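Following: one structure in structure tokens, then a few remarks.
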Amino acid sequence: MNTLRFDFRSDTVTRPSAGMRAAMAAAEVGDDVYGDDPTVNQLEQRMAALLGKEAALFVPSGTMSNLLALMSHCGRGDEFIAGQDAHCYKWEAGGAAVLGSIQPQPVAHQPDGTMALVELEAAIKDEDQHFARTRVIALENTFGGRVLPVAYMQAVAELTQRRGLGLHLDGARAFNACVALGIDISVFAAPFDTVSICLSKGLGTPVGSVLVGKDALIDKARRHRKMLGGGMRQAGILAAAGLYALEHNVARLAEDHRRARQLADGLAAFPDLTVTAPDTNIVFVQAAVELEAAMSRFLADRGVGVGGQYGQQRWVTHLDIDDGAIEESLGVVRDFFGA
Ligand SMILES: *Cc1c(COP(=O)(O)O)cnc(C)c1O
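Per numbering that gives the first Met the number 0: the sequence shown ends with 338, consecutive numbering throughout.
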């Protein structure tokens with residue numbers, strides 16, 4: 000049982016609001032595997048239109064969405080290139096390799112989170128019987144809460160087009176990036192063949208992600224979704240939460256970003272903590288390993304949950320963190336340092 004008063008571990012911990020629950024309860028539904036759920040269809044059409052793509056597919060999780068994208072770009076014995084710390088390489092239980100027979104080729108990140116274009120290009124395999132066939136590059140934005148520049152994504156798209164590869168975006172928090180940049184999500188999504196968006200993070204729904212992209216790729220993904228057991232029936236109840244979130248929870252991400260900056264400023268006042276200024280809703284804090292562990296325990300005892308390990312903490316702001324939560328949590332940190 001989670002007894003935390005303020006849960007900064009992730010933006011996945013939000014509980015659906017009364018308004019969202021009402022929208023879910025009122026949803027018109029049908030059997031989505033038959034294509035009969037009007038609310039799922041509406042969400043998919045709305046997401047495709049928002050991102051300026053041909054089609055979209057509602058799926059249970061961001062992990063499945065990334066896997067479906069990779070399986071749509073790649074066949075057995077093909078390869079995808081992704082960052083060494085990319086979610087789709089490091090944090091998805093090796094699903095692409097296990098379930099898709101797709102080989103990962105990780106590439107190191109530069110300090111700003113991007114992968115050097117020359118290193119990306121060097122990682123692309125030539126056509127040769129010795130090599131797996133490189134089919135797609137996967138970028139992630141935001142990456143660790145950082146916003147990577149649109150110009151960088153466009154430069155990678157120039158590379159993938161020149162080399163005849165696909166380009167996928169793990170845009171789990173793409174709306175955070177767009178709100179931070181002040182740009183339309185269609186501009187952000189333009190360089191990509193497929194984009195995965197999480198509805199269950201900052202947007203605050205209980206379940207769901209959407210994979211958006213070209214018709215041919217989404218058709219394949221739909222087949223693979225069924226194969227992986229992700230074909231849901233009266234899923235309109237969940238899709239209704241997504242539609243509600245698109246209406247009510249996008250612009251307000253700016254509040255999460257403001258609170259993350261407030262939190263970062265507050266934490267930076269303690270000389271033992273090194274705080275990275277956040278671009279969006281994730282604050283990283285470095286401290287000596289022992290001190291960090293003691294601080295995390297102290298915070299948890301006082302009902303403040305933070306993520307992290309080995310001298311690094313992760314504080315994530317979201318719908319269920321208001322101004323009071325920031326203030327009170329900083330108060331607990333002050334108590335810890337005995338100020
Ligand atoms: C959370 C996340 C995912 C996966 O989402 P789940 O719904 O938890 O499977 C994928 N990529 C990134 C960058 C994420 O933060």
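Just so it is clear, CB atoms sit at the ideal spot from N, CA and C, and this is done for glycine as well. Being a predicted model, the structure only gives us computed values, none of them experimental.
**OP:** Return the Cβ separation of ASP255 and HIS317 in integer angstroms, given the expectation that the two are a contact with Cβ distance under 8 Å.
**Re:** By a beta-carbon distance limit of 8 Å, ASP255 contacts HIS317. Their separation comes to about 6 Å.
Original post:
How about ASN175: is its Cβ closer than 7 Å to a heavy atom in ligand 1?
Top reply: No - ligand 1 has no heavy atom lying nearer than 7 Å to the Cβ of ASN175.
Original post:
So LEU298 and ALA68 are in contact, right, with Cβ under 8 Å, and what is the actual spacing, rounded?
Top reply: Between LEU298 and ALA68 a beta carbon distance of about 37 Å is seen, past the 8 Å cut, so the two are scored as non-contacting.
Original post:
What is the rounded straight-line gap between the Cα of GLU126 and the Cα of HIS72?
Top reply: When rounded, the distance between both Cα atoms is 17 Å.
Original post:
Got a sec: does ligand 1 put a non-hydrogen atom nearer than 7 Å to the Cβ of ALA107?
Top reply: For ligand 1, not one heavy atom lies less than 7 Å from the Cβ of ALA107.
Subject >> Buried versus exposed call for PHE174 [16 or more other C-beta atoms within 10 Å across all chains shown] >> reply: Burial check for PHE174: the Cβ neighbour count within 10 Å reaches 16 or more, so the residue is buried.
Subject >> Residue nearest to ALA21 in terms of C-alpha spacing, selected from GLY310, LEU290, ASN65 and GLY241 >> reply: With distances taken between Cα atoms, ALA21 lies closest to GLY241.
**OP:** Pair every Cβ in the region 190-209 with every Cβ in the region 261-273, then say whether three or more of these pairs are closer than 8 Å.
**Re:** Output reads no: the region 261-273 does not touch the region 190-209.
Subject >> Identified DSSP bridge partners for GLU78 >> reply: Looking at the DSSP output, GLU78 bridges to GLN102 and THR133.
Original post:
Cα separation between HIS129 and ALA220?
Top reply: Taking the straight line from one Cα to the other gives about 28 Å.
Subject >> Inter-residue spacing [alpha-carbon to alpha-carbon] between GLY337 and ARG4 >> reply: In this structure, the CA atom of GLY337 is about 21 Å from the CA atom of ARG4.
Original post:
What is the DSSP secondary structure of HIS167, reduced to helix, strand or coil?
Top reply: The three-state secondary structure of HIS167, taken from DSSP, is strand.
Original post:
Should ASP321 go down as buried or exposed, given a rule of 16 or more other Cβ atoms within 10 Å for buried?
Top reply: Exposed, since its Cβ has fewer than 16 Cβ neighbours within 10 Å.
Original post:
Which one of VAL249, ALA234 and VAL303 has the shortest CA to CA distance from VAL28?
Top reply: In terms of CA proximity to VAL28, ALA234 leads the group VAL249, ALA234 and VAL303.
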